[in-house]
Every structure is written in structure tokens, then in C-alpha cells.
Amino acid sequence: MEGLERFVYWVTHRLSMVAQTALFLIMLIILANIVMRYFWAPIKGTYEMVEVLGALFLSLGAAYCAVTRSNIAVEFAVEMLSPKKQTLVDIGTNLISFLFIAFISWGVLEYAGTVYQRGRETAALGLPLFPVYYLVSLGMFLLALVVLTELIRLILVLALKGGEKG
Amino acid sequence: MTPVQIGLIGIVLVFVLIASRMPVAYVMLVIGVAGIAQLTSIEATLSISASTIYDTFASYSLIVVPLFVWMGFIAFHAGISARIYDAVYKVMGSMPAGLALATIGASCAFGAICGSTTATSATMSAIAVPEMRRYHYKDSLATSVVAASAILGIMIPPSVILILYGIATGESIKHLFMAGIGPGILLTGLFMLVTFLLALRNPKLAPSGAPVEYKEKVRALVTGGIEVVIIFAAVMGGLFLGFFTPTEAGAVGSGATLLVALVRRQLNWKRFVDSLNAAVRISVMIMFLVMAARIFGRFLALTGVPSMLANFAVQLPISPLGVMGVILLIYLLLGLFIDALALILLTVPIFYPVAVQLGFDPIWFGVIIVLVVGMGVITPPVGANIYVVAGMVRDVPVVTIFRGVWPYLAAVILCVAIVTAFPQISLFLPDLVR
């Protein structure tokens with residue numbers, strides 16, 4: 000189990016570095032476009048480049064956000080329960096989350112196939128759009144993997160320790 | 000079951016799942032997807048979900064969020080707030096309760112380059128609380144003034160919560176930023192008045208600091224305040240005068256803050272990476288919330304609940320102001336338990352049509368609800384800012400901070416009442432360009 004957790008953390012952490020780079024590049028491209036617009040002409044395809052990098056940023060950052068528990072949750076009600084009951088509630092909510100996120104990841108994957116078949120491209124630069132859809136699907140898949148890892152951990156905690164450290 | 004019944008069940012389930020510690024974004028995603036599937040078909044649900052996720056993730060206009068979030072984290076990691084505090088402290092420190100007044104002034108100025116309440120309270124806890132304790136300020140005042148002042152960060156532009164309101168409703172982010180300035184300054188004044196009155200009633204609560212020479216005051220203002228003025232003028236000036244879009248303003252803001260931090264030699268490689276890392280975590284969290292709220296909003300729109308509620312509110316035998324009072328009370332109660340960001344995205348699809356149908360200005364409504372949910376960051380049991388300050392000042396119990404924060408809560412309520420009675424305080428700036 001620890002090996003799986005370490006692997007998931009390693010992958011999501013590395014991908015978050017790509018997301019960080021994407022954010023930095025987004026800033027540079029927009030600034031360059033402002034400067035070029037005033038002194039010469041706007042950079043062709045600025046919107047499209049920012050949109051592709053934005054999809055990269057958010058897709059690759061989603062799983063890291065979950066691993067670092069940065070999502071907003073309301074904790075005080077569940078904290079009033081016993082540790083075992085807390086673990087049971089967490090197993091239930093993680094199971095629901097996993098099923099839906101995996102379902103959506105599959106949905107985006109299917110949609111990416113349709114986009115590929117139709118050969119959709121960006122307007123100015125003619126960049127193919129299907130890789131971006133596959134990337135978004137990958138981001139959702141990794142998020143589902145993070146939730147699944149947490150679900151397995153919680154089940155093990157319940158089975159081995161009676162939910163004491165859930 | 001009728002679509003309206005499905006919608007109402009969905010809303011109840013949202014609150015049940017939120018209470019079960021499930022991340023709010025996942026809750027909205029799950030209920031939104033399940034609800035759309037119930038009302039349409041699995042194929043339609045997959046198509047709607049996939050296109051909504053893609054449209055949110057690959058959106059030029061939404062990139063404004065990560066850029067402004069990053070701007071705040073650069074300022075935070077570069078220690079720009081420390082110089083701001085030093086400048087305001089030298090000017091106001093020798094007055095009665097001067098250090099507390101300086102904390103409020105510095106939070107207001109820091110809010111002009113950082114839209115996060117937690118970043119502001121964490122910074123001020125580290126800088127201002129030790130200084131106030133050195134001058135024997137009571138812990139309850141020293142800590143609560145830091146926690147409360149951080150609210151100013153969500154009113155003074157750039158405000159991430161106002162951006163989210165704009166994204167959720169389609170209202171102009173530029174107009175929302177303009178509308179936040181008046182109430183932000185009013186709230187700063189009210190916080191200062193409360194602090195001054197508390198110190199006047201009990202001088203032991205907040206003794207005066209050491210006197211500072213006039214020349215040193217001027218020097219501190221020039222060296223500490225100039226960068227905030229430059230960044231704020233570049234970002235908001237360019238946006239308000241129409242030189243660039245909100246997304247471009249975000250890029251100019253993060254670029255200018257980065258430049259100032261580098262010129263001042265206050266940003267090494269580690270701090271730079273830390274600022275990017277924090278920006279990824281927080282802005283992805285926010286954008287995921289936005290995406291989930293959009294899917295939940297699509298579900299609600301399919302059920303017809305928002306329009307039903309709007310029609311119901313218009314036909315109620317009470318005045319529109321009375322209905323607004325009920326809406327604000329609901330926000331106040333929900334704000335006790337749910338984080339401001341999540342609460343805005345969750346409820347705006349429900350209450351925005353009601354406010355518009357009743358004839359309220361949507362920009363004013365945005366400012367008012369941001370003020371009301373802002374109270375949630377200093378009220379028990381969730382009060383994020385209180386826990387941030389308690390985490391930074393470990394020997395002060397949380398209860399002491401909660402006890403000290405009540406006068407500031409009263410100031411926020413007074414601010415809401417004043418801006419409700421005189422909407423021009425908020426609207427005079429956007430009305431100049433509308």
C-alpha cells in the first residue's frame with residue numbers, strides 16, 4: 000500500500016511541476032502579447048496557446064491538489080463522530096467520488112475520440128484539439144487514482160485497525 | 000417526480016454530502032452529474048460533463064484566477080507585506096492603538112496586491128502580532144485585529160471571490176473590482192474606528208508604540224509604499240482605463256510583483272518555486288470548484304428551481320428589501336459552516352436570478368454577498384482566518400481570538416447595512432463607466 004501511495008505522490012508531484020511551468024509560460028505569453036500589441040502587432044494565436052496551457056495547468060494540477068488535500072471540505076460535523084464511524088463515512092464519500100470521477104474521466108475520453116474523428120482544430124494556429132481532450136481525461140483519471148488510493152487506505156485502516164486512525 | 004422536485008432533492012443532498020466531509024467540489028460534481036443523468040440520459044450527461052470540463056479548463060478568460068492567485072503568493076513569499084507594515088507602522092505606531100491601526104492599514108494595502116484572506120492573515124500574524132505583544136497589547140486584540148483585517152483582502156481589488164462571482168454570473172469583473180473599492184475603504188475605516196474606541200475605553204488593551212521622527216515616516220512611506228502604489232496603479236489603472244482585459248491585468252500583476260520582488264532581491268529560487276507551487280494548489284482547487292459549480296448550475300437550470308424561486312420571491316407579500324434580508328441571513332448562516340469561495344459558487348445560481356428579478360443591481364448584490372460570506376472567515380466553527388492566526392501564534396487559544404473578534408464582526412454587519420442603505424458607496428465608480 001505504501002508503495003502505491005509513494006508512486007501516486009511521485010507522479011502527481013512531477014506533473015505539478017509541469018503545471019507550474021505552464022502557469023509561468025501563460026504569464027510570459029500574455030505579457031509578450033500586450034507589449035507586441037502596443038509596439039507592433041498582437042502575437043497570432045495568443046488565446047489558443049493560453050487555452051492549451053491552461054488545460055495543461057489544470058489537468059496536471061488536479062491530482063496534486065487532491066494529494067495535498069487542498070480541496071475545501073466541511074469537517075466539524077464528522078469530527079463529532081467516533082474514529083470508526085469517521086472512517087466509515089470517509090469510505091462512503093470516497094467511493095462515491097471515485098465512481099463519479101472515473102465515470103467523467105471515461106466520458107471525456109469518449110469525447111476526445113469524437114473530437115479526433117471530426118478533426119477539430121483551433122481557429123488561428125490550426126492546432127489539433129484532440130490531444131488537449133486526452134490530456135483533460137488523463138487529469139481526471141489521475142484524480143480518480145488518487146481518490147481510489149485513499150479509499151484503499153481507509154478500507155485497510157478499517158480492516159486492520161478497526162478504523163482508529165482513519 | 001417533477002424536475003423541480005428532483006432539483007430540491009438535489010439541493011438537500013448537496014448539504015448532506017457537504018456535512019459528511021466530502022470536498023465541496025466533488026459534491027457539486029456528483030449531484031450535478033447524477034441530476035443531469037436523471038433528467039436527460041447517460042449519453043447527454045457524458046457529453047455535457049465533458050464539454051463543461053473542457054470549456055472550464057481551456058478558457059482564456061478563466062486564467063485570470065491562477066494569475067491573480069499567483070500574484071498574491073509572490074507578494075507573500077517575497078515578504079512585500081513586511082515592508083508595507085513597516086511603513087504604515089512608522090506613520091501610525093505612536094498613536095493610541097497605533098500598532099493595531101497600522102495592522103489594519105497594512106492589511107488594506109496588502110489587499111491591493113493579494114486577494115487571499117488566509118495569505119494576509121498568515122503574513123500579518125508573523126509580522127504584526129510579535130510587535131504588538133512587544134508593546135504589551137492584549138492577546139485578544141492583537142490576534143483578532145489580524146484575523147479580521149484580512150477580510151479587507153477580499154473587498155479591495157484584486158479579489159478572487161469577486162472574480163468568481165463575475166465568472167458565475169457573467170457580470171463584468173472590471174465593474175466588480177471598481178464596486179469593491181468604496182466598501183473596502185469604508186470597512187477599513189470602521190475597523191480602525193472600532194479599534195480606536197476599544198483602546199479609548201480600555202487603554203491597557205492597546206498602549207501606544209514608540210514615537211518616530213517625521214523624516215523617518217516619510218522615508219518609510221516612500222520605500223515601503225511605493226511598490227504597492229506602482230503595482231496597484233499598473234494593474235487596476237490599466238484595467239479600469241480599458242488598456243487590458245482582466246486576464247491581462249492578472250498577467251501584468253503577477254509580472255510586476257515578480258519584477259519588484261526580483262529588483263528588491265527578495266525572491267530566491269526556492270521562494271519562487273514555493274510561490275508557483277502554492278498557486279497551483281490553490282488555483283486548481285478554485286478552478287475545480289468553478290467547473291463543478293458549472294455542472295451543478297446546468298443541473299439546476301434543467302430543473303427550473305432558480306426561476307421558480309425567483310418568481311416565488313417576487314410574489315411574496317414582503318418588500319424586495321425584506322426578501323434581500325432573508326437571502327443575506329441565509330448567506331450568513333451558511334457562511335458559518337461553508338468556505339466563502341465554495342459558498343459563492345454553490346449558491347449564486349440559486350439567488351442571483353432572485354436578486355435580479357427583484358430589481359437589485361447585480362454588481363451591488365455581488366459586493367454585498369461577498370461582504371456577508373466574508374464574515375464566515377472569522378466566525379466559529381469554521382472561521383479559517385482564526386485558525387490561521389492560532390496556527391501562527393501557538394500560545395494564544397482559539398477561544399481568545401474568537402472572543403476578541405466580535406467587535407469587528409459588528410463592524411462588518413454595520414458596513415453591510417450602510418452599503419445596503421447607500422448603494423452609491425459601491426456603485427459610484429462602476430456607474431462612471433457603465
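One line per chain: the protein sequences are A and B, in this order.
So the first sequence is numbered by numbering that gives the first Met the number 0: it starts at 0 and just counts up by one.
So the second sequence is numbered by numbering that gives the first Met the number 0: it starts at 0 and just counts up by one.
We treat Cβ as the ideally placed atom computed from N, Cα and C, and that holds for glycine.
{"query": "Sub-9 Å separation of B/Phe401 and B/Gly382 beta-carbons", "result": "yes"}
{"query": "is_contact[A/Val88, chain B] using C-beta, thresh 9 Å", "result": "yes"}
{"query": "B/Ala312 and B/Leu345 closer than 9 Å at C-beta", "result": "no"}
{"query": "Residue(s) in a DSSP beta bridge with A/Pro127", "result": "A/Glu120"}
{"query": "Start and end residues, alpha helix (DSSP H) containing B/Ser19", "result": "Neither: B/Ser19 is in no alpha helix (DSSP H) and is coded neither H nor E."}
{"query": "A/Ala40: first and last residue of the uninterrupted alpha helix (DSSP H) it sits in", "result": "Segment: none, A/Ala40 is in no alpha helix (DSSP H) and carries neither H nor E."}
{"query": "A/Ile71 (DSSP reduced to helix, strand or coil)", "result": "coil"}
{"query": "A/Leu157 beta carbon less than 9 Å from that of A/Thr86", "result": "yes"}
{"query": "Separation of A/Leu137 from A/Val17, as counted between CA atoms", "result": "14 Å"}
{"query": "Minimum C-alpha distance to B/Ala277 - residue among B/Ile35, B/Ile73, B/Tyr25", "result": "B/Ile73"}
{"query": "Spatial neighbours of B/Ala121 in its chain, beta-carbon cut-off 7 Å, leaving aside the 5 residues before and after", "result": "Val387, Met391"}
{"query": "Rounded straight-line distance, which links the Cα of B/Leu175 to that of B/Leu116", "result": "According to the sequence displayed, residue 116 of chain B carries Thr and not Leu. So the alpha carbons of these two residues sit roughly 18 Å apart."}
{"query": "C-beta neighbour in chain A for B/Pro380, strict 9 Å", "result": "yes"}
{"query": "Given B/Val389 as reference, the closest of B/Ala146, B/Glu247, B/His76 once Cα atoms are compared", "result": "Sequence inspection shows Ala at residue 389 of chain B; the Val mentioned does not correspond to that position. Out of B/Ala146, B/Glu247, B/His76, B/Ala146 has the C-alpha closest to the C-alpha of B/Ala389."}
{"query": "Chain-ordered neighbours of A/Gly60 on chain B, where CB pairs are closer than 7 Å", "result": "Val279, Val283"}
{"query": "CB contact flag (B/Leu61, B/Ile166, <9 Å)", "result": "yes"}
{"query": "Beta carbon of B/Ile343 nearer than 9 Å to that of B/Met374", "result": "no"}
{"query": "Contact set between B/Asn384 and chain E, taken where Cβ atoms lie within less than 9 Å", "result": "Although the question refers to chain E, the structure presented lacks it and instead comprises the protein chains A and B."}
{"query": "Integer-rounded CB distance, given that A/Ile71 should sit under 8 Å from B/Met284", "result": "7 Å"}
{"query": "Buried or exposed by the 16-neighbour rule on C-beta atoms within 10 Å, applied to B/Asp394", "result": "exposed"}
{"query": "Among B/Gly224, B/Leu16, B/Phe239, B/Val3, the one whose alpha carbon lies nearest that of A/Val77", "result": "B/Leu16"}
{"query": "Which listed residue (A/Leu24, A/Val49, A/Lys160) has its alpha carbon closest to that of A/Lys83", "result": "A/Lys160"}
{"query": "Close beta carbons around A/Ile25, own chain, < 8 Å, minus the five adjacent residues each side", "result": "Val49, Leu52, Gly53, Phe56"}
{"query": "Cα-Cα separation, A/Arg36 to A/Thr45", "result": "11 Å"}
{"query": "Within 9 Å, strictly: CB atoms of A/Met0 and A/Leu155", "result": "yes"}
{"query": "Rounded distance between the beta-carbons of B/Leu204 and B/Leu151, thought under 8 Å", "result": "At roughly 21 Å, the Cβ-Cβ gap does not stay under 8 Å, so B/Leu151 and B/Leu204 are not in contact."}
{"query": "Closer than 7 Å at the beta carbon, the chain B residues around A/Thr11", "result": "Per Cβ cutoff of 7 Å: no residues; A/Thr11 is ~11 Å from chain B at best."}
{"query": "As assigned by DSSP and simplified to three states, the class of B/Asn201", "result": "coil"}
{"query": "Inter-residue Cα distance where the pair is B/Ser253 and B/Val64", "result": "11 Å"}
{"query": "Partners in chain A for B/Glu247, counting only beta-carbon separations shorter than 9 Å", "result": "Ile29, Leu30, Asn32, Ile33"}
{"query": "Residues of the region 60-89 of chain B with Cβ closer than 9 Å to any Cβ of chain A, in chain order", "result": "Leu61, Ile62, Pro65, Leu66, Trp69"}
{"query": "Range of the contiguous alpha helix (DSSP H) that encloses B/Met307", "result": "304-314"}
{"query": "Where B/Ile150 falls: helix, strand or coil (DSSP)", "result": "coil"}
{"query": "Length of the line joining the Cα atoms of A/Val34 and B/Gly183", "result": "32 Å"}
{"query": "Residue-chain proximity (B/Tyr330, chain A), Cβ-Cβ < 9 Å", "result": "no"}
{"query": "Nearest candidate by alpha-carbon position, reference B/Val234, set B/Thr194, B/Leu163, B/Pro157", "result": "B/Pro157"}
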